[in-house]
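K.L.:
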Amino acid sequence: MTGYNARLDAISHKGMLDLRGDAEAARLCGEALACRFPAKPNTKIALPDHGALICLSDDHWILETVDGLQLQVLEQLELAAEAQFHSFCDVSDMYSHFRLSGLEAMDVLAQCVAIDIHPSVFGPGSTARCAFADAVAQVSCLDNSPAFEISVFSSFERYVTDFLSMAMGD
Amino acid sequence: MTEGFRSRSGGRIHRGRKISFQFNGRRYEGFPGDTLASALIANGVSVVGRSQKYHRPRGIMSAGLEETNAIVQLAGNDDEPNRAATTLPIYDGLVAHSVNVAPSVDFDLGSLLGFFHRFIPAGFYYKTFMWPKDRWDWYGGIIRKVAGWGTAPAKPGGGRYEHRNHHCDVLIVGAGPAGLSAALSAGRTGSRILLVDSDTEPGGKLLSDNLTIRSCPAMEWVDDIVAELDLMPNIIRLTRATATGYFADNYVTVIEECPDKPWIRERLWKVRAKQVILATGAIERTLLFANNDRPGIMLASAAMTYCSRYGVRPGNTAVVFTNNNSGYRYAIGLLKAGVSVTALIDTRKEADSRLRAAAAGSGIEVIADARVVSATGRRRVSAVNIVSGNDQSPRRIRCDLVAVSGGWNPAIHLHSQSGGKPIYNQRIASFVPGESKQNERSVGACRGELTLQSALAEGANAGCKAAALCGFALADIEVPDCEHEPEPGVDPVWDCSQPGGQSSAFIDFNNDVTSADIRLAMREGYRSVELVKRYTTAGMGIDQGKSSSVSIVGLIAEIAGLEPGSVGTTTYRPAYTPVSFGAMAGPAKSDLIVPWRRTPVTDWFLDNGGHLDETGAQFRRPLFIAKADESAGDAVQREALAVRNQVGIYDSTPLGKILIQGPDAVAFLNRVYSNNWENLPVGRGKFGFMLHEDGRLLDDGVTMRISDNQYWMSNSAGMADVVLDHLDRLLHIHWPELKVYLTPITDQWAVVCVCGPHARDVLYEADIDIDISGEAFRFLDTRLCTIGGLSARISRVTYTGELSFEIAVPMRHGLRLWNILIAAGQKFGITPVGSDTSMLLRTEKGFIAAGLEGDGYADIFDVGMGWLVPKEKADFVGKRSLEKNRRSDGGRPEVVGLLPDNSDFVPPKGAPLVEYDRNDEVPQQVGMVTIGFFSPNLGRSIALAQLRDGRSRMGQSATIYTKAGVETATICEPVFIDPDGERMRD
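Taken in order, these protein sequences are the chains called U and Z. Count along the first sequence from 1, then add 1; that gives the number in the numbering used here. Count along the second sequence from 1, then add 165; that gives the number in the numbering used here.
1) Within the same chain, show all residues whose beta-carbon is closer than 8 Å to that of methionine 17 of chain U, passing over the 5 residues directly before and after it, in chain order.
2) Between valine 311 of chain Z and aspartate 299 of chain Z, what straight-line distance do the alpha-carbon atoms span, to the nearest angstrom?
3) Between tryptophan 877 of chain Z and chain U, is the shortest Cβ-Cβ distance under 8 Å, so that the two count as touching?
4) Do you know how far the Cα of alanine 204 of chain Z is from the Cα of alanine 540 of chain Z?
5) Answer yes or no: do asparagine 189 of chain Z and valine 264 of chain Z have a C-beta to C-beta separation smaller than 8 Å?
6) Looking at the secondary structure, which residues open and close the alpha helix (DSSP H) in which phenylalanine 1026 of chain Z lies?
7) Strictly below 7 Å CB to CB, what residues from chain U border histidine 332 of chain Z?
8) The stretch 16-31 of chain U: which residues have C-beta closer than 9 Å to a C-beta of chain Z, in chain order?
9) Return the chain-ordered list of same chain residues with a C-beta closer than 8 Å to the C-beta of aspartate 772 of chain Z, the five sequence neighbours on each side being excluded.
10) Is the Cβ of methionine 976 of chain Z closer than 8 Å to any Cβ of chain U?
11) Rounded to whole angstroms, how far is the Cβ of phenylalanine 1141 of chain Z from the Cβ of glycine 939 of chain Z, which I believe are closer than 8 Å?
12) Ordered along the chain, which non-local residues of its own chain (more than five positions away) have a Cβ less than 6 Å from that of glycine 628 of chain Z?
13) Using DSSP bridges, identify the partner residues of asparagine 841 of chain Z.
14) To the nearest angstrom, report how far apart glycine 813 of chain Z and alanine 807 of chain Z are at their CA atoms.
15) Give the single residue among Z:Asp926, Z:Phe942, Z:Val569, Z:Trp983 whose Cα lies nearest to the Cα of tryptophan 769 of chain Z.
16) At what residues does the beta strand (DSSP E) containing proline 729 of chain Z begin and finish?
17) Going along the chain, which residues of its own chain have a beta-carbon closer than 6 Å to the beta-carbon of tyrosine 416 of chain Z, five neighbours each way excluded?
18) Name, please, each residue of chain Z whose Cβ falls closer than 8 Å to the Cβ of glycine 124 of chain U.
19) Between which residues of its own chain and threonine 1127 of chain Z is the CB-CB distance below 7 Å, once the five residues before and five after are set aside?
20) Between which residues of its own chain and tyrosine 691 of chain Z is the CB-CB distance below 6 Å, once the five residues before and five after are set aside?
21) Leaving out the 5 sequence neighbours to the left and right, which residues in its chain are closer than 6 Å to cysteine 1137 of chain Z when beta-carbon positions are compared?
22) If glutamate 804 of chain Z sits next to glycine 999 of chain Z, beta carbons under 8 Å apart, how far is it from one beta carbon to the other, in whole angstroms?
23) Between Z:Thr780, Z:Arg786, Z:Arg763, which lies nearest to glycine 774 of chain Z when the distance is taken from Cα to Cα?
24) If we define contact as Cβ-Cβ less than 8 Å, is glutamate 605 of chain Z a contact residue for chain U?
25) How would you call threonine 251 of chain Z, buried or exposed, if buried means at least 16 neighbouring beta carbons within 10 angstroms?
26) If you follow the alpha helix (DSSP H) that lysine 851 of chain Z is part of, which residue opens it and which one closes it?
27) Taking 8 Å as the threshold (C-beta atoms), are glycine 126 of chain U and threonine 173 of chain U in contact?
28) Note the first and the last residue of the continuous alpha helix (DSSP H) segment covering serine 1046 of chain Z.
29) Since valine 759 of chain Z meets chain U, which of its residues come closer than 7 Å, beta carbon to beta carbon?
30) Where does asparagine 478 of chain Z land, buried or exposed, given buried means 16+ other C-beta within 10 angstroms?
31) Under the three-state reduction of DSSP, which class applies to isoleucine 144 of chain Z: helix, strand or coil?
32) Beta-carbon of serine 430 of chain Z versus every beta-carbon of chain U: anything under 8 Å?
33) For the beta strand (DSSP E) containing valine 552 of chain Z, name the first residue and the last one.
34) Note the first and the last residue of the continuous alpha helix (DSSP H) segment covering leucine 72 of chain U.
35) Distance check for serine 601 of chain Z and histidine 328 of chain Z, CA to CA, integer angstroms please.
36) Within the same chain, show all residues whose beta-carbon is closer than 6 Å to that of glutamate 194 of chain Z, passing over the 5 residues directly before and after it, in chain order.
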């Protein structure tokens, strides 16, 4: 056998919104979505209806939703934060997504990213925007099986696919 | 070949199976657990290589990674140079051979150089090969053939080289007694440990030194500890893993050979550790006497290792030569292993009394206050000549093995690489780690504490402390009692050869540097250790000072009459041991080495004759899209004609795109662009130039106002990241008060440009749902629309000077949009065009490329864009510097057009424009060609150029200097087609 015990799957498009604003804007948006925006950078929380919220910094979030709903949600959030200085933007097409899983998924991922992905540090709910080989990716831990989600700029999709395949030993 | 030097029993080899291997074309056998060196010794092979310079026969010197004689090249699928036979485990099918020999290691023509050694001392090539000056390349070729350490593999090796990032709380380098002790105490706290060791099994010196712990063989303790460590989930333990470099922020590189996966040849671990414990041990050093490099002369610790660990006798009749107490233990050990030890030569008058009594009791003649001055024998040592006391008449002792113990050098290399400065320690006559500069601590022998008891105690303490510093509670430390070992009691003697002797005493075996070379260098004025190193090459190369550096320092000190501590050491640099290029390069090959970005249309181009090249921001775009058998030049000419006469289609996706949003967006744009941005209505765009703070051009582009508070900025593809960084820095550092957010959206939108007289027709054919007539949709307008059923944003911008429309759709629809437009354009002769064609078209139109006409010196006025700097505008980034530069500078490099007098001559990009002074025949450069093409639309060649005070030279002649000769051209306005812009505003 050559290759790691890992599996790479492409994930179809998601609805994604880039949300910039202060804490008050986040609070207002949270009310609109019936959730609390995470305040700690590099954390990801799940939302009802298969959505998620990623906190990148104290004024920057990425909202994930089902593809097709993003413009509706964007409208909802624009309305909610109308009185606050903010910048919301549909970025659903900016990213391509992968799921890397399997017993040796960490061995594969460790070849691609320099961040600490040990389960004690980077468990479920952890996320980081980091260098991924020679590109940039948003890497999230999905569960301890282990499984990771990797989101990259769509123009890097082929490169990242090929790099992961190589790292897996294919 | 039989293993005549193999003991009947003993050692840590596995005698149940034999391994067959080849060395220098002969077949030998060994056992699993053997290194190539131990197997060769077992088979009676004495000469394993030749020295680099004099091609002297060399044998195995050590038993570890400090080896500099037995450097071999692997052959076959494992083809690899620079492998030390002492650290290379044998395996079935191993094929290796000596390096730097011709025709063979036994008969090497290069050894003739030895007869001329007096004429080629250190630095001879600096003096000899100075003339004629242009012959150095020739000399270099000869030297490389004569010297060198093997050949680079001709093809990629088998197996895979992998890179892996790793984080841990504590990295422990070395799994000898100190390292194991540290791992145990740190591991018991629960901290994340990475324990690496270069050997095939843990234990360090305990693998060969027959010591006891708790009155039991020390290896029993090792087995117990390793068993416990291997049960801890928080510990990763690597063997055959060498820490080769220690960099800033506790970043350590580790090369692991043959890791857990059989298909991986080497793995480079990039380790980021919170704390590092260095337990790298100490390296025994040799002593200097004439012919101390003869095969059969080796380090005493190595001789002991071969006997006890590998069950081979490195000789039958041994002389041990020492200046410290270690030599006694090894002499007795060799005797027990079946080697006849005829004499122990000790440079000291006094030694540890118990050791001396034990040696004498074993029947070994101990000769105190004596030294070996020379060895005899060529292909194998046959005797040593010694002098003792004040009696300088030599005594000859026959032997076939000389075991030399010249004291111990702590392996301080990684400490030094980490930034620490070694300090001299009188007690061991060597250098020990100084103050730690990073989160690092050295323990045991690598700190100069050479006894087993000290190693265990220091390791345990360091493990606890390191884990505690990472936030883990201290564990119970239990340090077992060990066998008593005397302190080394070293006599710092640096050169035992007799002055004026005919033979050489080698101090650096790797580079064939002798004590005479060091003396010569110092006579010639190179007194600093760094200069001596560079002049003689001592301590360079594979050795990296492991075996030689302290001896060099000691000898310099002795010659200069200084203390070694005041001489200091040279700088130890990575890599500690040779690293294969494969390990450095890793597994990425071809397109994975440097990523390139794709657009939705990339594959279409590849399928349809597109010749891709990187055109900025890692995007590869087609330079042109050639038809079958069409040349590049013909393709570009065809595409350019099509755009001017029919319609072209171009993938503009790589252009940088930034969404600027917020109530202060206008104020922000006003500051970053030179022109005014007030009163731009929604749905309109504007061209702008952005400057650096020093007034130089940064980038140009069109920014569209797409809603009250939203602006869509376009940048050059190659400048997209630079501009974003520039804007982010301004916003976050200089203008945090502005309520503006920037969102890079390049990858959100695929953009297709349709340009040419029939562009509008194509869009109507593609069923666009808005009125795009010249009246309803003017130049620099932007609207939302649907086209071919796709929601899109359409903008009227141009880079070709033609009627142009840019249509942006979400990235996933990019290919669909492209295909819709291609289909709609068929009846109008739509032609896909590449970036070379785009460059030709913009040259015809005289549009400026900030990266070409703006060369880092030219300013906005020089490129003819001064109209973008309103006099009344109070400020913008770069304004002050721009004004200052224009006040103080002389002639400006102004952009002009060139019409070559020979209309077929295309001025090459970068060609200098020159003029001749009346009194000077040497041409003076006054400018340069920035771009040149043959314009199919004009039927002649054209160019843009920077020319000093060019705009005052209109109509004059310019001289273009090329390699092929001189050409002339008429200076003209830099716009060759449609100077009034009627086409693009149609």
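C-beta: ideal position from N, C-alpha, C; glycine also.
P.N.:
Once the coordinates are examined:
1) The residues are Ile63, Leu64, Glu65, Thr66, Gln71, Asp91, Val92, Ser93, Met95, Tyr96.
2) When rounded, the distance between both Cα atoms is 20 Å.
3) For tryptophan 877 of chain Z, the answer is no, since every Cβ of chain U falls outside 8 Å of its Cβ.
4) When rounded, the distance between both Cα atoms is 25 Å.
5) No.
6) No alpha helix (DSSP H) holds phenylalanine 1026 of chain Z; DSSP gives it neither H nor E.
7) Taking a Cβ-Cβ cut-off of 7 Å, the neighbours of histidine 332 of chain Z in chain U comprise Asp117, His119, given in sequence order.
8) If the cut-off is 9 Å between Cβ atoms, the stretch 16-31 of chain U has Asp19, Arg21, Gly22 near chain Z.
9) The answer is none, since no qualifying residue turns up.
10) Residue-level contact check: methionine 976 of chain Z touches chain U, since one or more beta carbons of chain U fall below 8 Å from its beta carbon.
11) In fact, because the Cβ distance is near 24 Å, the residues do not count as touching under 8 Å.
12) Only Ala347, Ser350, Ala351 meet the Cβ criterion.
13) Answer is none; asparagine 841 of chain Z lacks a bridge partner.
14) Roughly 6 Å between the two C-alpha positions.
15) Of Z:Asp926, Z:Phe942, Z:Val569, Z:Trp983, the residue nearest in Cα terms is Z:Trp983.
16) Going by DSSP, proline 729 of chain Z is part of no beta strand (DSSP E) but of the alpha helix (DSSP H) stretching over 729-732.
17) Within its own chain, the residues whose Cβ lies closer than 6 Å to the Cβ of tyrosine 416 of chain Z, once the five positions on either side in sequence are excluded, are Arg437, listed in chain order.
18) Chain Z residues near glycine 124 of chain U: none, gap ~14 Å exceeds 8 Å.
19) Spatial neighbours of threonine 1127 of chain Z in its own chain (CB-CB distance under 7 Å, excluding positions within 5 residues in sequence) are listed in chain order as Pro1073, Ala1076.
20) Cβ within range, chain order: Val697, Tyr700.
21) Within the same chain, Cβ atoms closer than 6 Å to the Cβ of cysteine 1137 of chain Z are found at Gly1062, Leu1064, the five residues on either side in sequence being excluded.
22) The pair is a contact, with the Cβ atoms about 7 Å apart (cut-off 8 Å).
23) Nearest of Z:Thr780, Z:Arg786, Z:Arg763 to glycine 774 of chain Z, Cα basis: Z:Arg786.
24) At least 8 Å separates the CB of glutamate 605 of chain Z from every CB of chain U.
25) Burial of threonine 251 of chain Z is indicated by the presence of at least 16 other C-beta atoms within 10 angstroms of its C-beta.
26) For lysine 851 of chain Z, there is no enclosing alpha helix (DSSP H); the enclosing beta strand (DSSP E) covers residues 850-856.
27) The structure shown does not extend to residue 173 of chain U, since chain U is modelled only from 2 to 171, so the question has no answer here.
28) Its alpha helix (DSSP H) spans residues 1044-1053.
29) Against chain U, the beta carbon of valine 759 of chain Z has neighbours under 7 Å at Asp135, listed in chain order.
30) Looking at the sequence provided, one finds arginine at residue 478 of chain Z rather than asparagine. The residue is buried, with at least 16 neighbouring Cβ atoms inside 10 Å.
31) Any answer about residue 144 of chain Z is impossible in this case: the structure gives chain Z only from 166 up to 1151.
32) Residue identity check: residue 430 of chain Z is arginine in the sequence provided, not serine. Any Cβ of chain U closer than 8 Å to the Cβ of arginine 430 of chain Z would place that residue at the interface, and such an atom is absent.
33) Counting along the chain, the beta strand (DSSP E) containing valine 552 of chain Z begins and ends at 548-553.
34) Counting along the chain, the unbroken alpha helix (DSSP H) around leucine 72 of chain U starts and ends at 71-81.
35) So the alpha carbons of these two residues sit roughly 28 Å apart.
36) Here the set comprises Lys183, Ser185.
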